[in-house]
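Student:
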Amino acid sequence: MNEEVSAKYIRFCYQVGKVSGRALIRGLVAFLKYLDKQSKAPKHGKMTVKQLVKQGQGASSMEVSGESMRTFKRIANKYGVDFAIVKDKTSDPPRYTCFFKAKDIDAISAVVKEYSAKVVKREQKEKPSLMAPKPMIPPAAPISI
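Using the working numbering, read the sequence shown as starting at -10 and increasing by one per residue.
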């Protein structure tokens, strides 16, 4: 009786291991297919110039100021534009050139319009200097009761 139970238990463990091994292999194969599909899918948003040109749709460029680079990236990602930013190291204040896909002209014009509006709005705001001298307030007169 004891040998019979042991044999059934061993057979059961073998079957469970075989099933879980097959499931593990299926899961790994599905994951590898997913990774392969992800690597072949075209990249969107910020990329290198080499990746942008490799897509074979031509590229146009524009110059972007360095202090508002973050704003530009946010707006370009919002409109789903593929772009690449290159820093010109030869100039003293660093200059940035942004390359776009040529087919995204309509989206680029919307990005440039919104970007320029935000930059102008930021420049028009006059923030008071924290380092500027403050006017002296005369000390209050003592209160007598």
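Idealized CB from N, CA, C, for every residue including glycine.
Tell me the rounded alpha-carbon separation between GLU112 and PRO82.
Tutor: Locating residue 112 in the sequence shown gives position 123, where the first residue counts as 1. Locating residue 82 in the sequence shown gives position 93, where the first residue counts as 1. Spanning the two alpha carbons is a distance of roughly 19 Å.
Student: Would you kindly report the start and end of the unbroken alpha helix (DSSP H) that includes THR86?
Tutor: Position 97 of the sequence shown, counted from the first residue, corresponds to residue 86. Run containing THR86: none in the alpha helix (DSSP H); it sits in the beta strand (DSSP E), 84 to 90.
Student: Let me check one thing: in DSSP terms, what residues is ALA19 bridge-paired to?
Tutor: Within the sequence shown, numbered from 1, the residue matching residue 19 stands at position 30. None; ALA19 has no bridge partner.
Student: Quick check on this structure: which residue in TYR(-2), LYS102, LYS107, ASP71 has the alpha carbon closest to the alpha carbon of LYS92?
Tutor: To locate residue 92, count along the sequence shown from 1; it is residue 103. Closest by alpha carbon: ASP71.
Student: What residue range does the alpha helix (DSSP H) around ASP95 cover?
Tutor: For this step, residue 95 is matched to residue 106 along the sequence shown. Its alpha helix (DSSP H) spans residues 94 to 113.
Student: Grab me the residues of THR37's own chain with a C-beta within less than 6 Å of its C-beta, minus the 5 sequence neighbours each way, in chain order.
Tutor: Residue 37 sits at position 48 when you count from the first residue of the sequence shown. ALA73.
Student: Check the C-beta distance from SER50 over to CYS87 and give it rounded, since I have them as a contact under 8 Å.
Tutor: Looking up residue 50 in the sequence shown gives position 61. Looking up residue 87 in the sequence shown gives position 98. Sure, about 6 Å apart at Cβ, within 8 Å.
Student: Less than 8 Å between the beta carbons of ILE64 and VAL100, yes or no?
Tutor: As a first step, residue 64 must be located in the sequence shown, where it is residue number 75. As a first step, residue 100 must be located in the sequence shown, where it is residue number 111. Yes. Within cutoff.
Student: Taking the alpha-carbon of GLY34 as reference, which of LYS62, ALA12, PHE20 has the nearest alpha-carbon?
Tutor: Working through the sequence shown from its first residue, we reach residue 34 at position 45. Closest by alpha carbon: LYS62.
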